[in-house]
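Undergrad: First, the structure itself, so that you have it in front of you.
There are 2 protein chains.
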Amino acid sequence: MSRTPPHPTRDQIELPLVLDCLSDPIRLAIVYQLAQQEPVSSELCCGDFNGLAGKSNLTYHFAKLRDCGLMQTRVSGTNRFMRLRRDDLEARFPGLLDAVLKSAAKDADRLQLASGCDVVEAG
Amino acid sequence: MSRTPPHPTRDQIELPLVLDCLSDPIRLAIVYQLAQQEPVSSELCCGDFNGLAGKSNLTYHFAKLRDCGLMQTRVSGTNRFMRLRRDDLEARFPGLLDAVLKSAAKDADRLQLASGCDVVEAG
DNA sequence: TCAATAGTTCAATAAACATTGAACATAGGA
DNA sequence: TCCTATGTTCAATGTTTATTGAACTATTGA
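In structure tokens form, the structure reads like this:
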């Protein structure tokens, strides 16, 4: 349970898998929250997403996000830290992640996404 | 069987549905082919996609693309003409469709998408 | 009127998906 | 050493999805 899980290489990132990952509201919210957090810290840990779903359900969604190449997981003690693989995404599909994030931001209310203030609260 | 099927209004277009639609390789190929065709004609009919799947399967995918707001269907005789709802997509999610299409173009081989030449052959 | 063409509808099927809770593993602090 | 916090794994469940073929509808042209 302690080792770093496998991640696809940059070249292994596939468009349909990425789009499928982003099409789920919970996963989109995870990605959005990570993106919002970036100015503060590029990482968040699992517990920071507890509002979005139950623990084991989050583990499932994290695995999908990792498997498609959107997120990286780093293990540290009992925590797993997540960050967006921005550079790899941008290299593979220029402009895609930004376009999705901007679209999500436009519909933040409709998608029930956390606002900046919610995200940056103390941990 | 002859009337124009229902389409969502611009405002009813939802990001998760759009992304989900585009995450299927067959639907992505349909959208891509429509986009490639645009300089020649903004419309294609069902039969132009026969290479991608069986007829009833295509009907299924067309319905999904229509329901999410990506495509418009126009009925004319025994034909149904499809076109991309570019303006509506651009209004709702600026830059998104272009980013996806560019990403798809980059991976055209991997995604087995028709090249420009294939698409623009005589009909 | 008849046949061919274009596409839809429906039912059946198998696979994938999201969700849940219980049991488990691991690291760190009292 | 034991307790707690963090997160994973596994099995079970119900839902949605993609795909197929057969039957059907509607329009066009001979």
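So the protein lines, in turn, are chains Z and F. Counting in my numbering, the first sequence runs from 1 upward without gaps. Counting in my numbering, the second sequence runs from 1001 upward without gaps. We put the CB at the ideal spot given by N, CA and C, even for glycine.
I believe L19(Z) touches S1023(F) by the beta-carbon criterion, under 8 angstroms. Please report the beta-carbon distance rounded to the nearest angstrom.
TA: 4 angstroms
Undergrad: Does the beta carbon of F1049(F) come closer than 8 angstroms to any beta carbon on chain Z?
TA: False, the Cβ-Cβ gap to chain Z never drops below 8 angstroms.
Undergrad: Name the chain Z residues whose beta carbon is nearer than 7 angstroms to that of A1104(F)?
TA: Simply L15.
Undergrad: Give the single residue among A1104(F), R1086(F), P1094(F), C1045(F) whose Cα lies nearest to the Cα of G1077(F).
TA: C1045(F)
Undergrad: Would you please state the rounded distance, in angstroms, between the beta carbons of S115(Z) and A108(Z)? I believe it to be under 8 angstroms.
TA: 7 angstroms
Undergrad: DSSP on Q72(Z), reduced to helix/strand/coil?
TA: strand
Undergrad: Return the first residue and the last residue of the beta strand (DSSP E) that F81(Z) is part of.
TA: 79–84
Undergrad: Alpha carbon to alpha carbon, what distance is there between D88(Z) and L1111(F)?
TA: 19 angstroms
Undergrad: Taking only three categories from DSSP, how would you classify L44(Z)?
TA: strand
Undergrad: Give the DSSP-derived three-state secondary structure of A105(Z) in the structure shown.
TA: helix
Undergrad: Terminal residues of the continuous alpha helix (DSSP H) containing P1016(F)?
TA: First-last of the alpha helix (DSSP H) with P1016(F): 1015–1022.
Undergrad: Note down, in chain order, each residue of its chain lying with its Cβ closer than 6 angstroms to the Cβ of H974(F), except the 5 sequence neighbours on either side.
TA: Residue 974(F) is absent from the structure shown; chain F starts at 1001 and stops at 1123.
Undergrad: Give me the residue from M1082(F), D1048(F), Q1072(F) with the minimum Cα distance to T1009(F).
TA: Here the closest residue by C-alpha is Q1072(F).
Undergrad: Using beta carbons (cut-off 8 angstroms, strictly below), is S23(Z) in contact with chain F?
TA: yes
Undergrad: Measure the C-alpha to C-alpha separation of R1066(F) and G1095(F) and round it to an integer number of angstroms.
TA: Rounded to the nearest angstrom, the gap between the Cα atoms of R1066(F) and G1095(F) is 20 angstroms.
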